[in-house]
Structure formats: C-alpha cells, structure tokens
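Each residue of the sequence shown is one higher than the one before, starting from 19 at the first, in our numbering.
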Amino acid sequence: MVNPIYIFILALGAGFLLTLFDKAGRKVSLTIFYVVLVAMVAISAQWLIALLGGSETAMIYTAGFKPPFSINLQMGLEEAIFTLAVNVLGLLSGLYLIKKFKETKVNAMVLFLMMIMGINGLIMTRDMFNLFVFMEITSIATFAMIGIDRDIKTLSAGFKYMIASGIASVLFLIGTIYLYRFSGVLHIDSMVAAIDTASSQATLLAVFILLMSIVIELKPFPANGWALDVYEAVDSGVVAVIATGSSAGMLFALYKITPLLNETLLLVLAAIGVTTFVASNLMGLMQKNAKRLLGYSSIGQIGLIMGVFAMLAYLGYPLNGKMVMLIVGGLFISHFVAKAGLFWLAGILNKEKIEDWGAFRKSPIFLFAFGAFILALVGLPPFPSFFA
Numbered sequence: 019m020v021n022p023i024y025i026f027i028l029a030l031g032a033g034f035l036l037t038l039f040d041k042a043g044r045k046v047s048l049t050i051f052y053v054v055l056v057a058m059v060a061i062s063a064q065w066l067i068a069l070l071g072g073s074e075t076a077m078i079y080t081a082g083f084k085p086p087f088s089i090n091l092q093m094g095l096e097e098a099i100f101t102l103a104v105n106v107l108g109l110l111s112g113l114y115l116i117k118k119f120k121e122t123k124v125n126a127m128v129l130f131l132m133m134i135m136g137i138n139g140l141i142m143t144r145d146m147f148n149l150f151v152f153m154e155i156t157s158i159a160t161f162a163m164i165g166i167d168r169d170i171k172t173l174s175a176g177f178k179y180m181i182a183s184g185i186a187s188v189l190f191l192i193g194t195i196y197l198y199r200f201s202g203v204l205h206i207d208s209m210v211a212a213i214d215t216a217s218s219q220a221t222l223l224a225v226f227i228l229l230m231s232i233v234i235e236l237k238p239f240p241a242n243g244w245a246l247d248v249y250e251a252v253d254s255g256v257v258a259v260i261a262t263g264s265s266a267g268m269l270f271a272l273y274k275i276t277p278l279l280n281e282t283l284l285l286v287l288a289a290i291g292v293t294t295f296v297a298s299n300l301m302g303l304m305q306k307n308a309k310r311l312l313g314y315s316s317i318g319q320i321g322l323i324m325g326v327f328a329m330l331a332y333l334g335y336p337l338n339g340k341m342v343m344l345i346v347g348g349l350f351i352s353h354f355v356a357k358a359g360l361f362w363l364a365g366i367l368n369k370e371k372i373e374d375w376g377a378f379r380k381s382p383i384f385l386f387a388f389g390a391f392i393l394a395l396v397g398l399p400p401f402p403s404f405f406a
C-alpha cells in the first residue's frame, strides 16, 4: 500500500520541478503534470479498494509522535471516497484545460496541482492548524487560477473571492486560537474530547466563529455574490474544481468539526443550509446566463447537503452511520458528478445564454450527458440522490 502522504510529496515535488522540466519542452512538463495527477488518483483508489475489503483506517503521524504532540493525517473510508472523487475531478479538469496549459506559463500547472493538493489536505488532516494551512493553500492557488486569463471580469471576481476567503481565514484562525486556549490541543479528535460548549459562553462563541468561517467558504445565501461572479467569469475547467472540489473539501472540514457543535448551533447550521437551498434555487429561476444559473444551482445543492447533514446530526444519527452516509453521500455524489459535468458542458458549448443550450440537440452524446446530469440533480433513478 502506498502511503497517502505521497499525494502531497508528488504534488509538492512536481510543483517545484515543473519549471525545470518545462525547459526541456512543454510536452515534457505536461507529461509530468498528468502523471502526477494519475498517481494521485491511483493512491486514493487503492486505499478505497483496501478499505472496502476490510482494511483498517490508516493514521499517518509526523515527527515520530502521536497526537496531540504531532500532526497527523487520516485515511479512512470517508477520506478515501472524497479524495478519490477530488483527484478524479482534478485529472478530468486537467485534461479539459490542456489547451490553456499549453498556451499559458507553466505556473498554471503548478497552481492547479497546489489547488488539488490543498483540497486533499482539507480532507485528510486531523489537525486544526493544518486545516487552516490547507485552507490557505487552496485559497491562494484558487485566486491565482482565477486570475490567469487577466481580463476585467475574472480579476474582479478573483478580488471578491480573495476578500471573502480572507474573512473566512481570519475567523477560522480566531476560532482555532481560542479553542486551543480552552482545550490545550490542536488535534481535532483530542479537542472534541476536551471541549464542552455547555460549560462556557466563551467556548460556545469560539465554536460559532469557527463554524461561520467554514460556512462562508460554502457560500451561503445571501453572502454568495462573490462566488457567483467567479462561476460566471472563470474558465469552466477551473470553475468545476471550485464548485465541486473545493466545496467537497470544506464539507469534509465541516464534517470533522461537527462533534464540537451543540444542538443550537446544529439548528443554526440547518437553517442556513435550508435558506440557501430555497433562496438560491428561486434566484436561479430568474437567470439568463447559463453559468450563473449553474452557480446558483451549485450553491443551492451545497445548502441542501449542509442542511440535511445538520438535521441528521441534530436528530442524533451517528455522523459515520449508515443513515448519514446514505442520505448525505447520495446527495453529494449526485451533485459532485452532475455539476462538474454541466460546467464542462458549458465550457464546451461556450454559449452564455440558456436558450443557446438547445445546440446540444445536434450531438447525441452531449445531449445524453446533459440529460443524465439533469436527472441526477433532480434525483431520479438510478442516480444516488434518488435513494437518498
């Protein structure tokens, strides 16, 4: 079994060396880039197969110590599913962006690898400070990828994204500092065992601040205009990763801190999710721009997943139990596959107006794909959201 830490070693190593490889020709650097993406998929896939076969969850420790005296990563069934989904998304989006990678500087490939690596870190880390670090890596790489085209719309969208993510990062760091003050640890599982939100209003406030930082990254209504501008203006290959991959990473971060939330905070989270779902879909009905419509739909689906997850936790269902995995997992998989596919189709068609999407009728393959993605979002069989 290949150690999951090689996902980070490969991405960082390629990030440092791609500039050197590029001196031998763009074909060489592109080959290395795609080999690394394939390797990341393979590592996640082998762990998923092993864990489905009965292998135990793997803990990777640094510096030879166990938590709370070291930083550690975890590769369990949930992590394997999410990292495989994100890495497959990264590979397919990388292939979609091959023309752009050929035309731009090698920095674009480096930034793309850092973005995918950062999302993997969000999923696997069990340490609060490193969760913050991977949030920053993902955000900075995303800002830079948004600004690659260097036109007014993308730069404006990127600036708004940077401000929103900056606010989220500050809130996350403040919440983490105070929770460390109250618990004395940064390891998430140890912090959950040490924190009691009922014992202190200050502790409850710290958890609330931490929760709001993650919620901001999930683009709740009405504070989501900055994300919609990104979805509308940026290349569809990059948007597919932002709308589905980055959201997957932040949803998993939310999953990890949920044991810190009391019943009141779970109800707040559920209310935010349901409000986002309803309002975003109603706003989406008024849109004429196809990618902005997809943006509203994406935000609405994340709101639905967030609301359902919070309600299940409030009702006392185990976070890693079959009920949560079936319902939340079904909704997430359908959203992940369908929304990434629809953004790719939007880029292939390259038409802004919704009525122009009738052009897909000329291509049976694209028409079938479009229909399948829509049915997955609606929740019809045989797609996972139907069984959820």
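Just so you know, even glycine gets a beta-carbon here, dropped at the ideal spot from N, CA and C.
Query, Result
"Cα-Cα separation, Val225 to Gln219", "10 Å"
"Endpoints, the alpha helix (DSSP H) within which Ala76 is located", "It is not in any alpha helix (DSSP H) - Ala76 instead sits in the beta strand (DSSP E) that spans Ala76 to Tyr79."
"Under 7 Å between C-beta atoms of Ile141 and Glu74", "no"
"Any 3 or more C-beta pairs closer than 8 Å across the segment 364 to 378 and the segment 317 to 327", "no"
"Straight-line gap, Leu48 to Met132 (C-alpha atoms, nearest Å)", "15 Å"
"Close beta carbons around Phe39, own chain, < 6 Å, minus the five adjacent residues each side", "Val46, Ser47 and Ile50"
"Met93 in three-state terms, based on DSSP", "strand"
"Where Ile232 falls, given that 16 or more other Cβ within 10 Å makes a residue buried", "buried"
"Whole-angstrom C-beta distance between Pro238 and Ile275, which should lie under 8 Å", "No, Ile275 and Pro238 are not in contact; Cβ-Cβ is about 16 Å, not under 8 Å."
"Own chain partners of Val20 with C-beta closer than 7 Å, once the 5 adjacent residues on each side are dropped", "Ile61 and Gln64"
"Exposed unless 16 or more other CB atoms sit within 10 angstroms - verdict on Arg379", "exposed"
"Limits of the alpha helix (DSSP H) - the one that Asn368 falls within", "Element bounds for Asn368: n/a, residue is neither H nor E."
"Residue of Pro22, Ile345 and Leu278 minimising C-alpha distance to Asn90", "Pro22"
"Separation of Phe384 from Leu115, as counted between CA atoms", "18 Å"
"Ile227 versus Phe350, Trp362, Phe152 and Ala186, residue with shortest Cα-Cα distance", "Ala186"
"Residue from Glu281, Ile181 and Ala297 with nearest C-alpha to Tyr335", "Glu281"
"Whole runs of the alpha helix (DSSP H) within the segment 214 to 275, excluding any shorter than 4 residues", "219 to 235, 243 to 251, 254 to 258 and 265 to 275"
"Reduced DSSP secondary structure (H/G/I, E/B, other) of Asn307", "strand"
"Those residues which DSSP pairs with Asp145 across a bridge", "His205"
"Among Phe150, Met146, Val59 and Ala297, the one whose alpha carbon lies nearest that of Leu28", "Val59"
"Within 7 Å, strictly: CB atoms of Leu191 and Phe150", "yes"
"Close-in-space but distant-in-sequence residues of the same chain around Leu173 (CB under 7 Å, 5 per side omitted)", "Gly165"
"DSSP-derived helix/strand/coil call for Lys41", "coil"
"Under 7 Å between C-beta atoms of Gly176 and Ile155", "no"
"Residue burial classification, Ala377 (beta-carbon count within 10 angstroms, cutoff 16)", "exposed"
"Three-state secondary structure assigned by DSSP to Phe388", "helix"
"Alpha-carbon to alpha-carbon, Gly43 and Ala328", "50 Å"
"Under the three-state DSSP convention, the category Ile23 falls into", "coil"
"Length of the line joining the Cα atoms of Thr122 and Tyr196", "43 Å"
"Delimiting residues of the alpha helix (DSSP H) encompassing Leu285", "Glu281 to Gly302"
"Endpoints, alpha helix (DSSP H) assigned at Lys117", "Ile116 to Glu121"
"Coil, strand or helix - Arg168 by DSSP", "coil"
"Classification of Tyr249 by the beta-carbon crowding that lies within 10 angstroms, buried from 16 upward", "buried"
"Where Arg199 falls, given that 16 or more other Cβ within 10 Å makes a residue buried", "exposed"
"Anticipated Cβ contact below 8 Å, Leu70 with Leu102, distance rounded", "Not a contact, Cβ separation roughly 11 Å."
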